[in-house]
Structures are given as structure tokens and as C-alpha cells.
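Participant: Provided herewith is a single structure, encoded as C-alpha cells, for subsequent inquiry.
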Amino acid sequence: MKILALIILLIFAPIAFCSELPDLGDVSQESLSPLQERQIGQQSLMQIKASKQYYDDPEVNDYLNEIGDKLVQYSNEPSLNFEFFAVNDNSVNAFAMPGGFIGVNTGLLLITENESELASVLGHEISHVTQHHMARMVSATKGDTMASMAAIALAILAARSNPDVAQAAVAGTGAHLMQKQLNFTREHEQEADRLGLDLMEKAGFDPHAMPEFLELLQKSTRLIDGNAPNYMRTHPITSDRIADIENRVSKLPYHLLPDSLDFDFVRTKLIGLQKTPKNAIRYFNDALTVHKFGNQLAQRYGLVSSLLRDNQIDRAKSELAILLKEAKGAAKDNAMLTTLQARVKRAAKDPDTLAFYRTAVQNFPQSRALVYEYTDLLINSNQADAAVKLLTDQVTLHPMDTTLYDLEARAYHQLHNSLEQHRAQAYSMAWQGNLPDAIMQLEIAKREGGSFYQLSIIESDLRELREMQSEQEDGKKKKKKK
Ligand SMILES: [Zn+2]
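In terms of this note's numbering, the sequence shown opens at residue 93 and continues consecutively.
Okay, structure coming up:
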């Protein structure tokens, strides 16, 4: 029974042709199993990665995961492996896919005024996942399996932050009647708010930020008039809903907590990257000297990053020196500041660069930016052995991270280990949703020969990928017959 696979293929077809789906098993049961949820979520993430929408910045994504995980640990599913990621879209939106995949548009990150507002959105989305609202949506429309499955796929699609594309896709399949099922019900919204508030409070964020942020969104909607932020379309914000939250938080004390440095750094980084290097330099200069707005540490962080982009290494060095002096003790404890220091050293061809990265990775083992850059440097300096050691550990932590596999492939290439090189390339392709090339890479790896253990892993991966591919072809055939 591959209805779900088929439906998702149909719905995704207008935008993405590389729709390979894992076997989702029997979907005639009342609700989706956790495994099915996870597979739908993984599949959707693969699609987003294959498109240009995935915001592939390890610092932004690490930050979202840090805030997200602070909240998840207090949820009723603390062991579910959540993955938070940014989506390159300036409209205001955030969305939860089944199985724990949560996307946050850059537009939402930029509009939030403090970290608690961001936490309020994440807490709400986490709760949609832990309450299995999508699975419950399916069981609510029992007896209408095709339609409800379509609604799930739709919700995922809509969540992909581009409702216009979603609507085009819906129209193409004649399932436009399903559109009203795009939104979670009011009960689901209230439940997500209530549980989200609870997570915020337990994790030490200010719960008052939730109604404040919703009000901000509602106001901005009135201003734009008729052009509601996507977030409002996928999570309807009613006065009732805000009143309900306000009522709940009115009894709670305010937690006046300062934003983390990372919150300001991440937002500054996003602002800078939206400008040309020269314009960004002018903007941050202005912020620091003329108008003196914003967090001055963050503005100088933005200035140094922009100077690096513009290849003004000497000025980057001198501004960095000021930044480190102003940051005082924070410079040692902050991964983003440390990474910036490392980047300046690298750009200046400082002989101390590799050693600096080595220590930085030891101090901040969670930082993927540092891992990427350090292993890249190791490979460039003919130390692929050390790179492989670090990458192997990281891949266990982030099994869907395609950049890690790409680095691994480069390192194995240098070590003349073709089997592992092609295997790493295969995983990178697979997680980007490119099954045919993933299979090809595994077949090459197999021909290289290896130990019994290595070959049996390759065999089992090949079987899995081929199954996924044949399902995909089945889906296409069924679609043609219609
Ligand atoms: Zn919602």
C-alpha cells in the first residue's frame, strides 16, 4: 500500500521531480506511526535541501538547534531527534514537519526582537510535532484516506514557506478542495500555544514574549492588508488565541533575560549577507559611528565579516582587535567569535591558523562551522587522516549533513581509499534527494572491493536505495495511468 508515497509524488511533482520515497508501509491504519512521521519529515527535508530554499549556513542552523534543544528537553518527547534549520526566504514563516523537522524562515529570524520571541515560535512548532497534530489530522478524516493523505502532503508543502507554489501544486492535482485542511485546527493551535508556553517557561525564556510576538504579527498583517505573512496563513492567529495566551501569561512573572550574543550575531550575519560586501561595510560602519544603533558588539562582528568578504584583510584584523577588546571575557566563550578570529587568521595566512582551529574545535565540539573549516584546512594541508577521524565522529551526530559527507569524500580521496570515498559521495547524494547518482556511487564503491564487513554495508544500503527508487518509478507509472 503506497498511497501516501503516490500522493506525495503527485503533489510534489510540479516542483520537484526527484521525489524518492521510502516505504511508508500500510497507511490504512488510523494514524501515522512515529516511523512514518519521521520518514515523511526526512523526505521533506531532502526536498528542501535539493531546492535552493535550504539556508546552508552552519552557524545559523547550529544556533537554531541550540535554542530548539533547550526547549525540546522539557517536552514529552525529549529523546526525539529534532532538526531545526533556516529557510532562505524573507517572508515571515516557521513550520513543523512530522518527525521533528522544524524550518524557520530568515524573514522570521529578522523580525524577532528578542530571543524569547524566537523561542515562542519554536516552542509552538515543537508542540505541533510532539502532539502529532499531522497524524491526528489524518485520523480526523478517517474514511477519506486519499484526501487526508493529500492534506498532509499539502501541509508539508505549504510549510515550505511558499504558499503560492503550494497552491499551484494543489490546482495541478485537482485537490484544491483540500486547501482548507492546510491549517491546523483552532484546537491544535491552542494546544501548541499552551504547551509551547510551558516549554518556554521551563527553559527560562520569557513567556510574555509569545503574545507580544503574535500581536506584532497581527499588527504587521493589518499594515500589509490582505498580504498576511505566511505564518498567519499556516497558523491562523485570532484575537481569541491571543486573548487565551495573554490570560495564561498574566499570572506568570516576567523573566527579563538578556539576549545571547549569538542571537544578535546570527541576525547581524543575516543582515550583512543580504547586502553586497561594500554596502554591508557601509551599513555596519554607520551603525557603529554615525547612528550608533543596535548591539555594538554585533555590529562590529558584522563589520569584520563584511571586510573579510571584501578581502580587506588588514582592516578586518584591526577591527577584530577592537571587537575582542570590547567583548572581554565573552571572546573566549563564544563559538561564533572564535570562528571569526579563525577566519581572519586564515585570510591573513597566519602560520598559527591550523593550531588555532584545532584548539577551537576542541573547545567547541558542537560547532559545525569550525568542523567544516578545520577539516577543509586539514585536507588542504595533506592531513586527511586527522580529518577523517573528526568527520567520522561528526557524521554519527549529524547523519543527514551532506557537507560532512562531501568533506569525507575529499579526505578519503587523498588517502586513496576509493571505496570509502564513493560511499561518502553516495550518502551526500542520497541526502540531497539524488537517488540515481547515490546508487551509481555505491556501485562504484562495491567494485573497488573491501572487507566483508564493508561490502555487506554497501549491499544493504544499495538494497534500500533501489527499493526507494523502484517505489518512485511505481509512483510515476501510476500517475501516468490516471
Ligand atoms: Zn501552529
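The beta-carbon is built from N, C-alpha and C at its ideal position, and this holds for glycine as well.
For the putative contact between residue 584 and residue 177, defined by C-beta atoms under 8 Å, what is the C-beta separation to the nearest angstrom?
Facilitator: Residue 584 is absent from the model: the chain starts at 93 and stops at 574.
Participant: Which whole-angstrom value is the C-beta distance of residue 160 and residue 184, which I expect to be below 8 Å?
Facilitator: In fact, because the Cβ distance is near 18 Å, the residues do not count as touching under 8 Å.
Participant: Using a Cβ-based criterion (distance less than 7 Å to any ligand heavy atom), does residue 281 qualify as near ligand 1?
Facilitator: At least one heavy atom of ligand 1 is nearer than 7 Å to the Cβ of residue 281, so yes.
Participant: Run the proximity test for residue 372: is its beta-carbon closer than 7 Å to any non-hydrogen atom belonging to ligand 3?
Facilitator: For ligand 3, the structure offers nothing, since it holds only ligand 1.
Participant: Output needed for residue 256: all residues of its chain with C-beta closer than 8 Å, excluding positions within five of it in sequence on either side, in chain order.
Facilitator: Any reading at residue 256 must be qualified, since the residue scores a pLDDT of 49, below 50, and its modelled position is unreliable; the value itself is stated next. So the list is empty, once near-sequence residues are dropped.
Participant: With a cut-off of 8 Å, do at least 3 Cβ pairs link the segment 343 to 354 to the segment 289 to 307?
Facilitator: The segment 343 to 354 vs the segment 289 to 307: in contact.
Participant: For the 8 Å Cβ check, are there 3 or more pairs between the segment 437 to 455 and the segment 159 to 173?
Facilitator: Too few Cβ pairs lie closer than 8 Å, so no.
Participant: Per DSSP, which residues does residue 194 bridge with? Please list them.
Facilitator: In DSSP, residue 194 forms a bridge with 176, 188.
Participant: Please report the straight-line C-alpha distance between residue 466 and residue 479, rounded to a whole angstrom.
Facilitator: The alpha-carbon atoms of residue 466 and residue 479 are separated by roughly 8 Å.
Participant: Just the Cα atoms here: how many angstroms apart are residue 395 and residue 462?
Facilitator: In a straight line, the C-alpha of residue 395 is about 20 Å away from that of residue 462.
Participant: Can you name the start and end residues of the alpha helix (DSSP H) that residue 355 belongs to?
Facilitator: Start and end: 353 to 365.
Participant: Can you name the start and end residues of the alpha helix (DSSP H) that residue 380 belongs to?
Facilitator: Note, residue 380: premise wrong, no alpha helix (DSSP H); not H, not E.
Participant: Would residue 186 and residue 205 be called neighbours here (beta carbons separated by less than 8 Å)?
Facilitator: Not in contact: residue 186 and residue 205 (Cβ atoms no closer than 8 Å).
Participant: Taking the alpha helix (DSSP H) that residue 292 belongs to, which residues open and close that run?
Facilitator: Segment 278 to 294, the alpha helix (DSSP H) holding residue 292.
Participant: Distance check for residue 548 and residue 291, CA to CA, integer angstroms please.
Facilitator: C-alpha separation (whole angstroms): 44 Å.
Participant: If you draw a straight line from the C-alpha of residue 556 to the C-alpha of residue 224, how long is it?
Facilitator: Each residue's Cα considered, the two are about 27 Å apart.
Participant: Kindly indicate the opening and closing residues of the alpha helix (DSSP H) around residue 484.
Facilitator: Run containing residue 484: 476 to 489, per the alpha helix (DSSP H) assignment.
Participant: Report the option in 333, 358, 375, 311 whose CA atom is closest to the CA atom of residue 289.
Facilitator: Looking at the Cα atoms, 333 is the closest of the given residues.
Participant: May I ask whether a heavy atom of ligand 1 can be found less than 7 Å away from the beta carbon of residue 452?
Facilitator: No, Cβ of residue 452 sits at least 7 Å from all heavy atoms of ligand 1.
Participant: Please classify residue 146: does DSSP put it in a helix, a strand, or coil?
Facilitator: In this structure, residue 146 counts as strand in the three-state DSSP scheme.
Participant: Going by Cα to Cα distance, which pick from 530, 529, 310 is closest to residue 335?
Facilitator: Closest by alpha carbon: 310.
Participant: Within 8 Å, do at least three Cβ pairs link the segment 525 to 535 to the segment 486 to 499?
Facilitator: Too few Cβ pairs lie closer than 8 Å, so no.
Participant: Please state if the CB of residue 284 and the CB of residue 124 are separated by a distance shorter than 8 Å.
Facilitator: No, they are not a contact pair.
Participant: Around the C-beta of residue 405, are 16 or more other C-beta atoms found within 10 angstroms, so that it is buried, or is it exposed?
Facilitator: The residue is exposed, with fewer than 16 neighbouring Cβ atoms inside 10 Å.
Participant: Pull up the CB-CB distance for residue 221 and residue 195, whole angstroms please, since I reckon it's below 8 Å.
Facilitator: Residue 221 to residue 195, Cβ: 12 Å. No contact.
Participant: Where does residue 508 sit, in a helix, a strand or coil, going by DSSP?
Facilitator: It is coil, neither helix nor strand.
Participant: Using a Cβ-based criterion (distance less than 7 Å to any ligand heavy atom), does residue 423 qualify as near ligand 1?
Facilitator: Not so, every heavy atom of ligand 1 lies at least 7 Å from the Cβ.
Participant: Return yes when the C-beta of residue 439 is under 7 Å from any heavy atom of ligand 1, and no when it is not.
Facilitator: False, no ligand heavy atom lies under 7 Å from that Cβ.
Participant: In chain order, what residues of the same chain lie with their CB nearer than 8 Å to the CB of residue 418, ignoring the 5 residues before and after it?
Facilitator: Only 388, 389, 392 meet the Cβ criterion.
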